[in-house]
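Accompanying notes for the structure given below.
2 protein chains.
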Amino acid sequence: MTVNDRLLRALRRQSVDRTPVWFMRQAGRYLPEYRDVRGDRDILEVCREPELAVEITLQPLRRMPLDAAIVFSDIMQPLAAIGVGVRIEAGTGPVVDEPIRAAADLERLRPLEPDVDEPYLLETIRLARKELSVPLIGFAGAPFTLATYLVDGGPSRDHVRTKALMHEDPAAWRSLMERLASIVRAHLDAQIEAGAQVVQLFDSWVGTLDPLDYDRDVAPFVRRILEDLAVPSIHFGVGTAHLLREMRDAGGDAIGIDWRMPLDLAWEAFGTDRAIQGNLDPAVCTGSWPAAERKALQVLERAAMRDGHVFNLGHGVLPETPVENLQRLVDLVHERTER
Amino acid sequence: MTVNDRLLRALRRQSVDRTPVWFMRQAGRYLPEYRDVRGDRDILEVCREPELAVEITLQPLRRMPLDAAIVFSDIMQPLAAIGVGVRIEAGTGPVVDEPIRAAADLERLRPLEPDVDEPYLLETIRLARKELSVPLIGFAGAPFTLATYLVDGGPSRDHVRTKALMHEDPAAWRSLMERLASIVRAHLDAQIEAGAQVVQLFDSWVGTLDPLDYDRDVAPFVRRILEDLAVPSIHFGVGTAHLLREMRDAGGDAIGIDWRMPLDLAWEAFGTDRAIQGNLDPAVCTGSWPAAERKALQVLERAAMRDGHVFNLGHGVLPETPVENLQRLVDLVHERTER
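Chains A and B, in that order, give the protein sequences. FYI, this note's numbering numbers position 48 of the first sequence as 48, with every residue one higher than the one before it. Count along the second sequence from 1, add 1000, and you get the number used in this note's numbering.
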């Protein structure tokens, strides 16, 4: 019973009454009610309890009239589901117990059977759908971004080991990417079947690659994931000003960009035959409302109410963000983009 | 007695017999003889001993026929010299004891008097020049990049506090940038007077800004630094594919780019009336030679032996880099670019 279809229309570049708005990590630590529900537990643990995950998914919607919900999960969750030892350390990110360093380690990445391996996620989606009048977004990490955690063992600035595997052992790299692509595709297809009406692929760290390596070593696997999905998709990365055409060619009904590049320039670069998602700097949302408002208005000005814009931040909501800023932001976007 | 003037010629976009090559952080932890000289001491301490600093400056030149030396120092050194409490933590980076958070804190950034505050640096430059037959590069951190350490207190991914100051208190921000620009300009002028034949301005983290904020809140201060310098300058940043024209407009005889964007595309974006420096991924240099060679040849192919190319990595040499890889790289560049 999806009443508000702004997001779906924008992803198809159809006209909308107001620009749709949602926030990456809108269900997260900036919300006191999230911190209450989660307590000290690892995100991956909470994901395994559908009632809690549904509650967290719905929390931001009770605070503000967002145009989409995103299922509460984590990009590492399908890997945990097939037995990869990983925990999400607060303030750090995913830490992998035994990083993948060579071809022999790849055995550990067996195929994902969503019904068996992650029934809690699918249950979360089914339950959340019953409560929602806006579209529900499912998501996954893209193979390269998952690889940076699997191979480097955790968050890293230079992704040295990941790139080393890519450059030094192309066969192992392809096998890693193939396995991850299969896992991710199965993961997304299952979310769609359970009720996700849109999916977002987070290739958050792919901006560290040059276009030549991206085209050869990453794009083919992204393409397999985004090709012929049953619902519209958003293809997101951080620091991708130099990769926009390549990411577009790899797929996605919308390209999600960070705050670095003005929307109109990015849109011109990859072509207005795709929707665009973004791109307010999450850092500016941590301060006073006037500063956030000023930058938000710049984003809206660049989007110029063109069909096919989904308003979002340029990356996830930061934990120190005042809830009020996001509430005012949703209202601002809706007020200023009324057609 | 500079015999090898390839770097100077390339920065003026004059013809060269071979493309000049040097490496950011060529004097550093990847060299066992550097680790021996430095021991456990903070970089800033070592900088204050000209004989050690000269020795470290010369070390990479004894290993390979580089076309330039860069004085051993640190971007935080002039700030330490005026009394800012800062240490360079191994594996982390600069950590500032009392970060700058408000206008009142700015008092601590008094003007730099190079002869009084950093005589050791100038002595290092004078002594090193006597030993060198290649140009000596002086350098400084740019105001924004220095601010990320001063305001956020250390390395940070999102630079939240720095951006907050910029957006929330424009007067304090301008005062901070003005003070830093004066310090940096005095620092560079003194290095030039002492004998530096080229200077590089490291605006390493400016790529986190969008072009609108960069133009308003950063570019004017960079311009004051790079305008009318007595020697050629290189203006460097990481992840700046979306800022290339703006950085060019702010100044620099050469624009230094990281590994993300192919040289020819970057060059076209900011115009071939400037030289370009870059751009092999330092991560690829940590592995086997064939992988590094393959990527180095891609860089050379994109540069196409056009006048005005200075070969370098896209960021500093990583500590785990085998010395042999850099040695072979220097030879490769020289061999493959013989005119």
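Don't be surprised by glycine CBs; every beta carbon is placed ideally from N, CA and C. Keep in mind it's a predicted model, so treat the numbers as computed, not measured.
| Item | Value |
| --- | --- |
| Secondary structure of N4 (chain A), DSSP reduced to three states | coil |
| Length at least 4, wholly inside the segment 66-150 of chain A: the alpha helix (DSSP H) runs in chain order | 77-81, 114-117 and 119-131 |
| Chain-ordered neighbours of S288 (chain A) on chain B, where CB pairs are closer than 7 Å | E1168 |
| Identified DSSP bridge partners for G278 (chain A) | A:F311 |
| Classification of Q14 (chain A) by the beta-carbon crowding that lies within 10 angstroms, buried from 16 upward | exposed |
| When A:H309, A:A296, A:T240 and A:A283 are compared against T272 (chain A), the one with the closest alpha-carbon | A:H309 |
| Proximity test, Cβ basis, 8 Å: H1242 (chain B) and chain A | yes |
| Local conformation of F221 (chain A) per DSSP, three classes | helix |
| Contacts around R336 (chain A), its chain only, beta-carbon distance under 8 Å, and the 5 residues preceding and following it disregarded | L297 and L300 |
| Selection from B:D1105, B:L1011, B:P1211 and B:P1119 that minimises the alpha carbon distance to G1256 (chain B) | B:L1011 |
| Span of the beta strand (DSSP E) around I1234 (chain B) | S1233 to F1236 |
| Classification of G83 (chain A) by the beta-carbon crowding that lies within 10 angstroms, buried from 16 upward | exposed |
| G1207 (chain B) (DSSP reduced to helix, strand or coil) | helix |
| Whole-angstrom C-beta distance between A194 (chain A) and I125 (chain A), which should lie under 8 Å | 4 Å |
| Alpha carbon of E123 (chain A) to alpha carbon of G239 (chain A), nearest angstrom | 34 Å |
| Short Cβ contact (8 Å threshold) for V16 (chain A) with R29 (chain A) | no |
| Reference M943 (chain B), options B:A1103, B:N1325, B:L1121 and B:Q1197, closest by Cα | Lying before the first or after the last residue shown, residue 943 (chain B) is absent from chain B, which here runs from 1001 to 1339. |
| Local Cβ density within 10 Å of G287 (chain A), reported as buried at 16 or more and exposed below that | buried |
| Where Q191 (chain A) meets chain B, residues with beta-carbon distance less than 7 Å | Simply none; closest approach about 29 Å. |
| Interface residues of chain B facing G207 (chain A) [CB-CB closer than 8 Å] | G1239 and R1260 |
| Cβ neighbours of V1333 (chain B) in the same chain (closer than 6 Å, five flanking residues each side left out) | T1019, V1021 and F1311 |
| Beta-carbon proximity of D217 (chain A) to T145 (chain A), cut-off 8 Å | no |
| Minimum C-alpha distance to I192 (chain A) - residue among A:G138, A:P155 and A:V54 | A:G138 |
| Chain B within 8 Å of V343 (chain A), Cβ atoms only | Not covered by the structure: residue 343 (chain A). The range shown for chain A is 1 to 339. |
| Test: P1322 (chain B) CB closer than 8 Å to a CB of chain A | no |
| 8 Å Cβ cut-off: residues of chain A touching D1158 (chain B) | P282, A283 and L318 |
| Where the alpha helix (DSSP H) containing F1270 (chain B) begins and where it ends | L1263 to F1270 |
| With 16 other Cβ atoms within 10 Å as the buried cut-off, status of P50 (chain A) | buried |
| Contact the segment 218-228 of chain A vs the segment 277-293 of chain A: 3+ CB pairs below 8 Å | no |
| Nearest residue (CA-CA) to I1276 (chain B), options B:R1129, B:L1263 and B:G1154 | B:L1263 |
| Sub-8 Å separation of E1131 (chain B) and L1052 (chain B) beta-carbons | no |
| Bridge partners - Q1200 (chain B), DSSP secondary structure assignment | B:F1139 and B:I1234 |
| Contact with chain A by L1008 (chain B), beta-carbon distance below 8 Å | no |
| N-terminal and C-terminal residue of the beta strand (DSSP E) that I1056 (chain B) is part of | It is not in any beta strand (DSSP E) - I1056 (chain B) instead sits in the alpha helix (DSSP H) that spans P1050 to R1063. |
| Expected contact under 8 Å - CB spacing of P111 (chain A) and I183 (chain A) to nearest Å | 7 Å |
| Chain-ordered residues of the segment 1078-1106 of chain B with a beta carbon less than 7 Å from chain A | none |
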